[in-house]
Each structure stands twice: as C-alpha cells, then as structure tokens.
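Residue numbers (my numbering): 134 to 779.
Here is the structure we will look at.
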C-alpha cells in the first residue's frame, strides 16, 4: 500500500508530478541541505520546548555544518549578534529603537518615501539629546516628501494633519536660525507621476480629473502600463457617475490596444459585475454570474470574471466559473488555476487543491512560482514537513527555484510542528541560494521562539532582522509584546507599553491586532479606564475594531464587575453585520455568568451558543466545547440542588 500524507494523497503522486523541465541551476550544497533537513524533520524528539540551536547539545553539529560552507556573508552578521547566556533579557535590551535611531534611518525612510515613518523618526531625533542637528538638506527632503503626500491626500483629516506637519517643519527651521526663504531654496519638489494622480482622482471620485489624466497617459503611451485593477477602478468611477461615454472611451482603448482579450460588449458586462460587487450588491452580481453561465453567455469573459470574483473574495464562485470555462472550451491560464487552488487552500479542501495543481502540471500551461507556493501553503496548513521537503527538491530539480515565500512556508510548517532546528536550516538555505529573507520570514522565526518561550532566541532573531536592514512591522511588535509577557500582569503591561511606544516613535503603524493585544492586557489587569483609552486611541487614528477587540473590552468589564456594560457590548455586537460574537466571545460571557452564578443567563446563553454552533454561525472549537461542557455541568448541579431543596 503506497505511503500517504495526512489527507490521503500518495507521496508517489507528489514525486511523480510532471513538472516541466527547465535548465536546472542547482546549488552544490543542496543535497547536503536536503538530507540534513529530512533528518531533522524525522527526529520527533525535537519539540518546541527544546532549547535554541545556539544553546542545544546539537549546536556543535550545526556549527560544523555552517563552517563547511564557502561564502557566507550572513554568517558574519549573525555571528556579531550572538548573546551571552548570562545576559538579562527584557524589553529594555531588545527594543530600545527610539534611542538608537540615527540620521541614516531618516535618510532611508525618505529614500523609500515612507512619509509617516520619516516624520516619526524626525520627531524622535529632534527630541534626542545625543543626536547632532539634522542637516538642512535632509529636513528639506522631509519637507518635500510631506508636500508630496499632501498633494495626494484625499481625506480632509489627513490633509489637515499634513498641513500641521509642514508648518511644524517651518517652525523648526526658523528656531534653528535658518530663514524660511533660504530653507525653501534647499527644497526640491518631488514630481508626481500620472499614475499617482490618476489613483488620487479615482479615490477622490473626480471623473473629470480622472479622464483628463487618462487621456494624457494615452498621449504619452503610458496608459498601456495600467493594470487590470486600475482599469476596472476607472470604469467603476465612470459608471457610478453615469459617464457612459467615458466608459466607452476607456473600453475602446483597452480592446484596441489588446490590453484585454475580450470584446467591448464583454468588457462592459464584466465591468458591470465588478461595480456591483464594489457597491456591496454582491447578491445581484452573483445572480447575474449564474445567469450568464446557465445561458452560455460567458464565452470570452471567464478569465476576467474569475479575476473579479477572486478580487472581491467571492471564493465560492471560483469552482463554478472554472468548470464553466472547461465546458466553454476556454483554456484556463495559470492565474485561474492559482485562484482556484487558493480557494481550496483557504476553505481547507486540501485534496482538491492538490488535484488542481496536478491538473495544471499535466497541461501544457507553464506553471508560475505562485502555483508552487499555494501548494506549499497547503502542506504548511497540514504541517506536512516531509512533503514540503520533497516539493522544494522537485522545484529545484525542474528549474523552478523557490523564492522567499516558498522557504517561508517551509519555515512556518516546521515551526508549527515544533521542528525549530529545521526551521533555522531553511533560513540558511535561503541565504545559501542568495535569497533575501523578508519581514514575513523573520516574523515566523521570532514567533516560533516566542511560542517556545525562548526569549534569548527571540532577541537574537529580532536583532538579526535589524542587522539585515529589515525594519519591524506591526506583526513583529505584537509578537514581541507576547514574548515578553510574564506571570506578573503589571510587569507585562509595563513592557508592552514600552514596546508599543518605541514602535510608534520609530514610525511603525499599529494595526487592530496590536491595539487589541494591549486592550486584552489591560483587561487582564482589571484596568478598565486604560482599556477604554486604548480603544479611543485606535478609533482616533482610523483603525476599525474587530470582534476580538470588543470581546477584550467585555473581559475588562467582567474583571471590573461591570456585567451590565459587558452585556450591552455583547448585545451591540449581535446587532452588527461584521462583528458578530464568535466562539471566544461566548466563552467569555459564559464564564462571566458562571462566576456571578446567574443560572438563568447561563441557561439562555448555553442554548444560544448551541444553536449558533449547529447552524454553522460560529465554529465549535475545543475551547468552546470545553466551556459548554462546564456550563452544562454547572446547570446540572444547580438543577440537582434545586430538586434536593424542594
């Protein structure tokens, strides 16, 4: 009987996939890496509780392996970042970016045109006593970047903020003794491309400005470079304003210049469906799609309709559209296979994803690296580390070298399976193949050691990321906050706020997950006022709370004995469309009512949660099932006591 992976697909199927051959460029060290990685993946004694590579009894093995490599510039960088095991690990040691900011960080942010980050770094440098004065030329570049961003701003609050920042720059210049006119002589305005101005006109819903810019791009020959997304956004703008002539003008240009393989009539149909989805009229758009498929009127439109469905995350339509494509006789492009595979991967239909991939390999269509990466994501979801090793070897053998996303999925799978040594080896493979690890790669490593409660290695990989010239993002910060959590809630909050403030000072934009993490920590310390303050801050910067945010606020209410407020938040959540209570919310509410011994509320919520699980409205995970079991036992005991008293 053939050996199979988790979901019943024979390994021989993966090995025998008909990958089109290209000229292989196989690194000399690959076979050594593969054998080592397979050995590590097979060693089930290594779990997430094992010490890190630099402190493990197997460390010498890896050091010898690294020493045998010929050229490793990255090894020199990482070597400088090794930590003494006697050091004290805390948030002051790992995350003190604001005090370590230098002028080069500001120059880099300006070069990348990261306006908010550049402004935050500038303010931090101005406040620092150890930094020398910022050169006038650099301040001039920041002034130019702020003016550039101001011209592209659409929303009034954002425009007002940019005006205030520009005025602040001028005030700083005058305080430093430089005249305003002399300073402005240093400023070289950043030219704004037609692409940027067109995007602004679309966001500002200015059809006249948009068509003027589009015509200018046509004259200059730049309109041919417009992506499909931009064209659809432009057409949607004109359709909303009943500018049918402008729609026809754009569609005529697109079809005549072969930017699309559809006729003008077909393009108008796909544009109408795109606009319906964008206008939150998905039911009508879906109805029209199925009507077109039933009447056979989808010929020539299917590729674009699949893109429209995928773009608006209407994944349930992809399978039917793909089948209609086969019936119609349309040969799907690789993009359509990737869309369908992603749908199967997201919906956990892993066998179908693999079958779709094999169908792609059996066709005459040239596969893309995205197709391989989706399959690696499927294996990563299953923690199928052996299959990932085989797949990456097959890619190398057939001349499809993996990229950073490929290796990141391999790292993620091994990290989730607890194979931290193999995870690190994939990182070194990337380096050996001259592939630059990205922020996603480093976040996987940092999170892996955070989950393993290995703070020294969290620090090590965070510092390695900085040494690699990669700045942390909101995901990194959230992971660091969790890594420095301790048994002392007050200490956890202090560390978290310090890391959060340092992140903001260096221009890292917090997201809903980061804000929710802070609210959760304040909830655990029963600091309702601070939790509400964080909630107000996130609303002030335009970040929309999610279901976990409000569930954390409910926890804060429960921990401060404000059950009436907790119930109000819970009922308000049930009245919303996109913040419906989930399994976590029901657990928090059930445990709260059991804590205050409110039998009637427990019974009501217990029955409601059961109905929600049975209807599929919420997913009955093991945490909710355990909580429901506790509630059932509690209700049984209360009923027995009532009968006994009677």
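A virtual CB, placed ideally from N, CA and C, is assigned to each residue, including glycine.
Sub-8 Å separation of residue i and residue j beta-carbons
i           : j           : result
residue 445 : residue 472 : no
residue 661 : residue 626 : no
residue 279 : residue 335 : no
residue 403 : residue 395 : yes
residue 605 : residue 657 : no
residue 716 : residue 756 : yes
residue 807 : residue 683 : Residue coverage of the chain in this structure runs from 134 to 779, which leaves residue 807 outside it and unanswerable.
residue 252 : residue 298 : yes
residue 586 : residue 549 : no
residue 610 : residue 632 : yes
residue 323 : residue 276 : no
residue 705 : residue 719 : no
residue 644 : residue 668 : no
residue 612 : residue 652 : no
residue 537 : residue 556 : no
residue 768 : residue 743 : no
residue 422 : residue 439 : no
residue 333 : residue 293 : no
residue 415 : residue 447 : yes
residue 105 : residue 466 : A query on residue 105 cannot be resolved here, the shown segment of the chain reaching from 134 to 779 and no further.
Distance, residue j Cα to residue i Cα
i           : j           : result
residue 302 : residue 272 : 8 Å
residue 591 : residue 741 : 42 Å
residue 758 : residue 401 : 50 Å
residue 266 : residue 345 : 44 Å
residue 531 : residue 458 : 29 Å
residue 649 : residue 678 : 8 Å
residue 559 : residue 257 : 37 Å
residue 451 : residue 388 : 25 Å
residue 780 : residue 647 : The structure shown does not extend to residue 780, since the chain is modelled only from 134 to 779, so the question has no answer here.
residue 535 : residue 567 : 11 Å
residue 766 : residue 553 : 40 Å
residue 751 : residue 441 : 28 Å
residue 249 : residue 745 : 43 Å
residue 597 : residue 722 : 42 Å
residue 368 : residue 377 : 9 Å
residue 663 : residue 315 : 46 Å
residue 270 : residue 338 : 36 Å
residue 274 : residue 239 : 10 Å
residue 724 : residue 691 : 9 Å
residue 319 : residue 380 : 44 Å
residue 640 : residue 300 : 19 Å
residue 349 : residue 500 : 37 Å
residue 197 : residue 562 : Per-residue confidence for residue 197 stands at a pLDDT of 36, beneath the threshold of 50, marking its modelled position as unreliable; the derived number appears in the next sentence. Residue 197 and residue 562: Cα-Cα distance of roughly 15 Å.
Environment of residue i [buried if 16+ CB atoms lie within 10 Å]
i           : result
residue 413 : exposed
residue 354 : exposed
residue 749 : exposed
residue 565 : buried
residue 268 : exposed
residue 688 : buried
residue 290 : exposed
residue 288 : exposed
residue 673 : exposed
residue 321 : exposed
residue 526 : buried
residue 464 : exposed
residue 483 : buried
residue 634 : exposed
residue 762 : exposed
residue 551 : buried
residue 583 : buried
residue 520 : buried
residue 221 : Since pLDDT at residue 221 reaches only 41, below the 50 mark, its modelled position is unreliable, and no value is offered.
residue 460 : exposed
residue 449 : exposed
residue 709 : exposed
residue 685 : buried
residue 600 : exposed
residue 518 : buried
(message) Quick check: the stretch 356-365 against the stretch 290-309, are at least 3 beta-carbon pairs closer than 8 Å?
(response) no
(request) Spell out a yes or no on whether the stretch 417-432 and the stretch 465-484 are touching, meaning 3 or more CB-CB pairs, one atom from each, closer than 8 Å. (result) no
(message) Would you call the stretch 570-577 in contact with the stretch 533-544, where contact means no fewer than 3 C-beta pairs closer than 8 Å?
(response) yes
(message) Does the structure place the stretch 500-519 close enough to the stretch 474-483 that three or more beta carbon pairs sit under 8 Å?
(response) yes
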